[in-house]
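Each residue of the sequence shown is one higher than the one before, counting from 1 in UniProt numbering.
Cβ atoms here follow ideal geometry from the backbone N, Cα and C, with glycine treated the same way.
Computed from a predicted model, the values in this text were never measured in an experiment.
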Amino acid sequence: MWWGEEAAKGAKIAVWWDMKECPIPEGYDAGRIRPSLEAAFKERGYSGPVSSITAYGDQTQTPVHILQGLLSTGVSVAHTRSESTNYILYRDIVEWRGQNPPPATMMIISNQVGGDLSWDLARLQQRSQYNLFLAYSKAPCVLSVLSTSSRWLWEKLLGDNNNNRIETRSVQYKLSAMILGCCKSCNFDCQSPEKFRKHLSSYKHARQESVYPTYKEVNRVTETWGRNYAAAPEYATAKILVWWNMFDCPIPEGYDARRVRPSLEEAFKKLGYSGPVSITAYGDLNHTPEHLLRGLSSTGVSLAHTILDVTYKRMYSDLLDGQKSNPTPTNIMVISDTDTHQAFSTPLVRLVQKQKHNLFLAYSSRPCKMFVLLPSAEWLWHSLLEVSEKRKHVLQKCTSESESDRGGESSAMLYCKVCCGGQGPDYKSLDYLRTHLSSEEHAQEEYSITAFVQLKTKNRNLSLLAQYDREHRQQWRQVKKSKNIKRIRKAFRTGFLLLYNHLRRLRARKSQSCRRRGSRRRAQKSPTVW
């Protein structure tokens, strides 16, 4: 459940609709669009006022009776060139968000939400969480990074003209309080359908659209946002949960493991975060040197043994458990190359949109493209660990004092995330954990997980091959059949030509032979002249 869902149920609702991607079905009464949407919202428990519905598209192609049906029910109509619709629609969404802080509900009716709009909108949603509805004429074939409260297929959302859930009583809309017809090319607006259509057919409008440029690319407003923001008041003293993937971001060779926690805490303090820090490190502890494990555990870093195949799965599972037991607002830090593992990054993006979490990132190398995750701060792993010699001395001194205060015992938690479905017990000491990791029982569990992952990958590949065969085999057969037909025709033409030439030569020889015989006969019959 989204953290602000209850507050959004009574808040205002704004709708943006791409008429080209999701057209009005043929024969459908355009005056029923608004009532259909309002009925769908009420079925989901949202009773807030629908403050605006804006339909975008090339309105020169929209019949007059549809324009009248939309305008008569308070649906605003915006004229855009088809190639500029995404740009203008998203620009209006960003402008509306700037003027209407949450709680509020946004609905987008378009097939492009899973494509051009999703990257930037997902980043905006991580910063300011609005309740989000989606509708599309064709369901996306890939998992969207956007977290939504409800999704509909466009035609199912509208129902039919005899939809019983829509009240048939007439509703009077205050048209004078809103602009209903707008030409985005000319900044022209009016409330009369006749004036609106007259403007769209005017010379001035045609000149404006011809001269001024067409914007096709969606303007990604978050691309220019800075990094490493100072702490917001609501997060400054909140708890910081750190999830560290040691496969992607290992401890550098020769680095003192006891400096990891102080280095992270120092980076947080520079940005104004002073809340308690909990760190969990995931890695293959069987192949991690003992002095590193003892150095980490001595500073309160929890250790979780896992194998590469299930690391992200265990991290995300623990992250979900951690955010449930820690009420928002909470700071979350992920130390991992998350951009290389979409099965982890996509659910994480959706989680941050649902829950009011502040996100930090650290990675081993700068990603080739900007994250869809929107962190308040991000670091390169090696630069995060770099500390001056003076700071190094102070940190080691403090660490030694803290160890003596604890009597040499570790306050860290020690887990095996391979056995017991990742829900194994907390081992009280490294020695106990090491004993478990060297057992035959644990080795068998690791082997079974690896075998299962390999089998799953193999079955997935076979499924993809079968799907490809279903989609393309008939096409390839037709191509092959066409090639065979062409080959037969060519062979026939070539063979016929050879036969024709052969017969022609035979006829020529026969004709020549006949002429010779005729000449001999004539020579024999003719009298001899003395």
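Item	Value
Identity of the residue in A443, S210 and K354 nearest K324 by Cα	K354
Residue from E217, G98, G74 and A206 with nearest C-alpha to C190	G74
Of the listed residues N100, K269, E253 and R44, nearest to L157 (C-alpha basis)	R44
Residues of its chain near S52, where Cβ-Cβ distance is below 6 Å and the 5 sequence neighbours each way are ignored	A14
Residue environment, P101, which counts as buried when at least 16 other CB atoms sit within 10 Å	exposed
Extent of the continuous beta strand (DSSP E) run through H287	Where H287 is concerned, there is no enclosing beta strand (DSSP E), given that its DSSP letter is neither H nor E.
The stretch 294 to 304 touching the stretch 251 to 258, judged by at least three CB pairs closer than 8 Å	yes
Beta-ladder partner(s) of W16, from DSSP	T54 and I108
Integer Cβ distance of L180 from H79, believed to fall under 8 Å	Actually they do not touch by this definition, with Cβ atoms about 12 Å apart.
Proximity to C416 [Cα-Cα], best of V310, V372, F360 and T60	V310
Cutoff 7 Å; reference S72; Cβ partners in own chain excluding five residues on either side	G31
Cβ neighbours of E401 in the same chain (closer than 8 Å, five flanking residues each side left out)	Caution is warranted here: a pLDDT of 42 is assigned to E401, below 50, making its placement in the model unreliable, and the coordinate value is therefore given only provisionally. Correct list: empty, nothing qualifies.
Simplified DSSP state of L303, which is helix, strand or coil	strand
Beta-carbon spacing of M315, A281 below 7 Å	no
Three-state secondary structure assigned by DSSP to E378	strand
Contacting residues, own chain, Cβ-Cβ under 7 Å from A177 (five flanking each side not counted)	Its pLDDT being 44, under 50, A177 is placed unreliably by the model, and nothing is read from it.
Contact between the stretch 270 to 287 and the stretch 224 to 239 (3+ Cβ pairs under 8 Å)	yes
Assumed close pair L373, T338 - CB separation to whole angstroms, cut-off 8 Å	7 Å
Burial state of T214, where buried means 16 or more other Cβ atoms lie within 10 Å	exposed
Bridge-paired residues (DSSP) for I332	L241 and L359
Bridge partners - W152, DSSP secondary structure assignment	A135
Beta-carbon spacing of E26, S110 below 7 Å	no
Reference K356; option with closest CA among V242, Y130 and G518	Y130
Cβ-Cβ separation, D58 to R81 (assumed contact under 8 Å), whole Å	7 Å
For L124, the nearest candidate out of A135, K138, V145 and S137 (CA to CA)	V145
Endpoints, alpha helix (DSSP H) assigned at G45	Counting along the chain, G45 falls outside any alpha helix (DSSP H), and DSSP gives it neither H nor E.
Rounded separation between S128 and K198 - CA only	41 Å
3-residue-minimum beta strand (DSSP E) runs that sit fully inside the stretch 184 to 223, ordered along the chain	188 to 190
Under 7 Å between C-beta atoms of S185 and E209	yes
Start-end ranges of the beta strand (DSSP E) lying completely within the stretch 410 to 441, minimum 3 residues	414 to 416
Alpha-carbon to alpha-carbon, R460 and T168	Confidence at T168 is low in this model, with a pLDDT of 41, below 50, so the placement of that residue should be treated as unreliable; the coordinate-derived value is given next. Those two C-alpha atoms are separated by around 50 Å.
Y468 CB to nearest heavy atom of the ligand NAP below 6 Å	This structure lacks the ligand NAP, and indeed carries no ligand of any kind.
C-beta atoms of C228 and A377 nearer than 7 Å	Per the sequence shown, the amino acid found at residue 228 is Asn instead of Cys. Cβ atoms of N228 and A377: closer than 7 Å.
Limits of the alpha helix (DSSP H) - the one that S365 falls within	Careful: S365 lies outside any alpha helix (DSSP H) and carries neither H nor E.
Three-state class that DSSP yields for V75 in the structure shown	coil
Coarse secondary structure for A281, derived from DSSP in three states	strand
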